[in-house]
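**Q**
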Amino acid sequence: EVYMRPPPSLDIPSSKLVYKLQKSLYGLRQASRQGNAKLTYALTNFGFNQSPADHSLFVGHTTDSFIELLVYVGDIVLNSNSLCMINQVKGYLDNQFHINDLGELKYFLGFEVA
Numbered sequence: 001e002v003y004m005r006p007p008p009s010l011d012i013p014s015s016k017l018v019y020k021l022q023k024s025l026y027g028l029r030q031a032s033r034q035g036n037a038k039l040t041y042a043l044t045n046f047g048f049n050q051s052p053a054d055h056s057l058f059v060g061h062t063t064d065s066f067i068e069l070l071v072y073v074g075d076i077v078l079n080s081n082s083l084c085m086i087n088q089v090k091g092y093l094d095n096q097f098h099i100n101d102l103g104e105l106k107y108f109l110g111f112e113v114a
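The opening position of the sequence shown corresponds to residue 1 in full-length UniProt numbering, with each subsequent residue numbered one higher.
#1: Residues in the same chain with beta-carbon distance under 7 Å from L105, minus the five sequence neighbours each way, listed in chain order, please.
#2: In chain order, what residues of the same chain have a beta carbon less than 8 Å from the beta carbon of G47, not counting five sequence neighbours either side?
#3: Under 7 Å between the Cβ atoms of Q96 and A42?
#4: Under the assumption that L39 contacts V71 (Cβ atoms under 8 Å), give the Cβ distance between them as a whole number of angstroms.
#5: To the nearest whole angstrom, what separates the beta carbons of A17 and P8, a pair I think is in contact under 8 Å?
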């Protein structure tokens, strides 16, 4: 949680008031933690299970298909045997976070993906 004092230009009679921010400010130490918590909450609500061994890995499955989602900083990599599942997850993430789909993965962390 982040609290701020009102700016001096805002004429408020009591100078003891503070405001709780509804969103994190870019660049604050808490911003990445809060963003990760929001993403984790959204993914687990969608049905993903977070890996206990690697908290950046989320796995989901049905009787005949699986999907893996890997998070690295601001990037998300999806892997599945079902294009339908990938499209469902991308649609859900776009609805929640307004994402940009960069297409098929070619490079990740400096490595070419074949």
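C-beta: ideal position from N, C-alpha, C; glycine also.
None of the values given here were measured: they were computed from a predicted structure.
**A** The structure says:
#1: Closer than 7 Å at Cβ, skipping near neighbours: V77 and V113.
#2: Counting only Cβ-Cβ distances below 8 Å, and skipping sequence neighbours, we find G60.
#3: At the C-beta level, Q96 and A42 come within 7 Å of one another.
#4: The pair is a contact, with the Cβ atoms about 7 Å apart (cut-off 8 Å).
#5: A small fix is needed here, since residue 17 is Leu in this sequence, not Ala. Not really, about 13 Å apart at Cβ, beyond 8 Å.
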